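Engineer: I have a structure I would like to understand better, so I am pasting it below and will then ask my questions one at a time.
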Amino acid sequence: DSGVTQTPKHLITATGQRVTLRCSPRSGDLSVYWYQQSLDQGLQFLIQYYNGEERAKGNILERFSAQQFPDLHSELNLSSLELGDSALYFCASSASPWGEQFFGPGTRLTVL
Amino acid sequence: TQLLEQSPQFLSIQEGENLTVYCNSSSVFSSLQWYRQEPGEGPVLLVTVVTGGEVKKLKRLTFQFGDARKDSSLHITAAQTGDTGLYLCAGPLNAGGTSYGKLTFGQGTILTVHP
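Residue numbers (this note's numbering), protein chains in the order written: chain A, 4 to 115; chain B, 72 to 186.
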């Protein structure tokens, strides 16, 4: 158990819908990262927050947004969902912006 | 195009055999990391290699960082069924000497060890 929690574990929804994925980092960690894992693209970095501020951005679509709240939990919002958004979404946390990352168990999103 | 290319993509071997997984890039990395991921779980960090030519051992696993810091390998001696999983190499996309931060991952190697 990495200490990072993600909810929900599974999510099934329809095209065009909007969903919110939630992540609670390890106790004491200030940085949160979001990754997407799909069969064709592998594990791709989406976005990083540190202490509530966006720190780095990867190949995150405009339909996707994220934020980190004062209690340090983070949410990833995915809107206007497409079939191709079906994937595993992982959250990771680290103590510092450049520290070792600990991954959560992921949320499996299925878009029908 | 992947910044980090892993090979092979799939590896199916018998218990007791040795194997090597490769991670190659045309870019220089300040460090490379190896992760292992099991079904239904997130990746777990195995090791970070930082110095060109560095060799690190973790029980039956040996990790090497190329002299030019463009490649790395993972060698498993006498594989066991418990080694089955997805092995991923990763490197930082940040400029400078940081080892972590936003990471780029290889496509992964799916290892199956049969009893």
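The beta carbon of each residue, even a glycine, is placed where N, CA and C say it ideally should be. Predicted model, so just to flag it, every value in this text is computed and none were measured.
For A/Q51 and chain B, any beta-carbon pair shorter than 8 Å?
Structural biologist: At least one chain B Cβ lies under 8 Å of A/Q51.
Engineer: Can you find the residues in the same chain that come closer than 7 Å, C-beta to C-beta, to A/E85, ignoring five residues on each side of it along the sequence?
Structural biologist: These residues qualify, in order along the chain: T18, V114.
Engineer: If we ignore side chains and look at the alpha-carbon of each, how far apart do B/E76 and B/K141 end up?
Structural biologist: Whole-angstrom Cα-Cα distance: 11 Å.
Engineer: Please report the residue range of the beta strand (DSSP E) in which A/F48 lies.
Structural biologist: It spans 45 to 53 - the beta strand (DSSP E) in which A/F48 sits, taken as one unbroken run.
Engineer: Taking C-beta pairs closer than 7 Å, name the residues in chain A that B/Q178 reaches, listed in chain order.
Structural biologist: Those within 7 Å of B/Q178 in chain A are G45.
Engineer: Quick one: list the residues of chain A neighbouring B/K173, beta-carbon separation under 8 Å, in chain order.
Structural biologist: Y36, F48, Q51, A59, G61, listed in chain order.
Engineer: What do you get for B/P163, buried or exposed, if any count of 16 or more other CB atoms within 10 angstroms of its CB means buried?
Structural biologist: Flag for B/P163 reads buried.
Engineer: Per DSSP, B/G156 forms a beta bridge with which residues?
Structural biologist: The partner list for B/G156 (beta bridge, DSSP) reads B/L182.
Engineer: Please return the same chain residues whose Cβ sits closer than 8 Å to the Cβ of B/L90, not counting the five positions on each side in sequence.
Structural biologist: Only L82, I84, H146, I147, A150, L182 meet the Cβ criterion.
Engineer: What does the alpha-carbon distance come out to for the pair A/P108 and A/T8?
Structural biologist: Approximately 7 Å between the Cα atoms of the pair.
Engineer: Are there 16 or more other CB atoms within 10 angstroms of the CB of A/D88, so buried, or fewer, so exposed?
Structural biologist: It counts as buried.
Engineer: Could you tell me which chain A residues have their CB closer than 7 Å to the CB of B/L159, listed as they occur along the chain?
Structural biologist: Ordered by position in chain A, the residues that pass the 7 Å Cβ test against B/L159 are L46.
Engineer: Please tell me whether A/S5 has its Cβ less than 8 Å away from any Cβ of chain B.
Structural biologist: Yes, its Cβ sits closer than 8 Å to a Cβ of chain B.
Engineer: Closer than 8 Å, CB to CB, is B/S170 near chain A or not?
Structural biologist: Reliability of the predicted coordinates at B/S170 is poor, the pLDDT of 49 falling under 50, and no value is obtained from them.
Engineer: Hey, does A/E103 have any beta-carbon neighbour from chain B nearer than 8 Å?
Structural biologist: It does; some Cβ of chain B falls within 8 Å.
Engineer: Of all Cβ atoms in chain A, is any one closer than 8 Å to the Cβ of B/E109?
Structural biologist: So, not an interface residue.
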